[in-house]
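Comments concern the structure below.
Now the structure itself:
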């Protein structure tokens, strides 16, 4: 299974931010790396666990780098439940979450329903495998930097050497 493989999940075309983010990602990927091949692409409008599990089973044998773009925390949490239940919350896969509203990762693993499903630990296991990419520019204020360092100490990151991180550096 040589090379890198990508899988995308995005909301329906009626939600333009997600589609713009996916389009920008595709364009940048094509411009910068000719050795990457997209083997599976899917726009989902149904965010039920069975749908996610079916998609994950389809890509398990062909993909190792998975790019996810979803606007709703509920959908993000549901795919993380499915990832963990399918045994894909491991270092064998690289999970990238393209964030489109500058919300960061938040605490998507915490169930906010009136009757919790009891899967917070399961979702946290999957959340720890995600790398979040925000398509909007970062705020460079000192308070923002302090807030990021503080968040990095908490799950899912649990960073132990965050004081050594230079958050002013950017990658273009």
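In our numbering, the protein residues as written are 124 to 295. Glycine included, each C-beta is placed from N, C-alpha and C at the ideal position.
What's the gap between the Cα of residue 235 and the Cα of residue 219? As a working note, residue 235 is residue 112 in the chain shown. As a working note, residue 219 is residue 96 in the chain shown. Whole-angstrom Cα-Cα distance: 23 Å.
What number of angstroms, rounded off, separates the C-alpha of residue 232 from the C-alpha of residue 150? Working through the chain shown from its first residue, we reach residue 232 at position 109. Working through the chain shown from its first residue, we reach residue 150 at position 27. Approximately 31 Å between the Cα atoms of the pair.
Using only CA atoms, which one of 168, 202 and 194 lies nearest to residue 243? Stepping through the chain shown from its first residue, residue 243 is reached at position 120. That would be 202, whose Cα lies nearest to the Cα of residue 243.
Roughly how many angstroms separate the alpha carbons of residue 194 and residue 266, rounded to a whole number? Here residue 194 is taken as the residue at index 71 of the chain shown, counted from 1. Here residue 266 is taken as the residue at index 143 of the chain shown, counted from 1. Between residue 194 and residue 266, the alpha-carbon positions lie close to 26 Å from each other.
Let's test the definition: count the other Cβ atoms within 10 Å of the Cβ of residue 185 and tell me whether it reaches 16, buried, or not, exposed. The count along the chain shown starts at 1 and reaches residue 185 at position 62. Residue 185 comes out exposed.
On a CA-only basis, which of 158, 200 and 206 is nearest residue 239? Give me that one, please. On the chain shown, residue 239 is found 116 positions in, with the first residue counted as 1. Considering only alpha carbons, the answer is 200.
Given residue 213, which residues of its chain have a CB within under 8 Å of its CB, disregarding the five upstream and five downstream residues? On the chain shown, residue 213 is found 90 positions in, with the first residue counted as 1. Around residue 213: 252.
Buried or exposed: residue 179, going by 16 or more other Cβ atoms within 10 Å of its Cβ? Locating residue 179 in the chain shown gives position 56, where the first residue counts as 1. When all chains shown are included, residue 179 counts as buried.
Where residue 208 and residue 254 are concerned, what is the direct C-alpha to C-alpha distance, given to the nearest angstrom? Locating residue 208 in the chain shown gives position 85, counting from the first residue. Locating residue 254 in the chain shown gives position 131, counting from the first residue. Each residue's Cα considered, the two are about 19 Å apart.
DSSP state of residue 184, grouped into three classes? For the purposes of this step, residue 184 is taken as residue 61 along the chain shown, with counting starting at 1. In this structure, residue 184 counts as coil in the three-state DSSP scheme.
From residue 237 to residue 282, what distance separates their C-alpha atoms? On the chain shown, residue 237 is found 114 positions in, with the first residue counted as 1. On the chain shown, residue 282 is found 159 positions in, with the first residue counted as 1. Whole-angstrom Cα-Cα distance: 31 Å.
For residue 248, which beta-bridge partners are listed by DSSP? In the chain shown, counting from the first residue as 1, residue 248 sits at position 125. Beta-bridge pairing links residue 248 to no other residue.
Could you tell me the alpha carbon to alpha carbon distance between residue 273 and residue 247, rounded to whole angstroms? Within the chain shown, the letter at position 150 stands for residue 273. Within the chain shown, the letter at position 124 stands for residue 247. When rounded, the distance between both Cα atoms is 18 Å.
Should residue 153 go down as buried or exposed, given a rule of 16 or more other Cβ atoms within 10 Å for buried? One-based indexing of the chain shown puts residue 153 at position 30. Exposed: under 16 other Cβ atoms inside 10 Å.
Which residues mark the beginning and the end of the alpha helix (DSSP H) in which residue 208 is found? Within the chain shown, numbered from 1, the residue matching residue 208 stands at position 85. Residue 208 -> alpha helix (DSSP H) spans 196-208.
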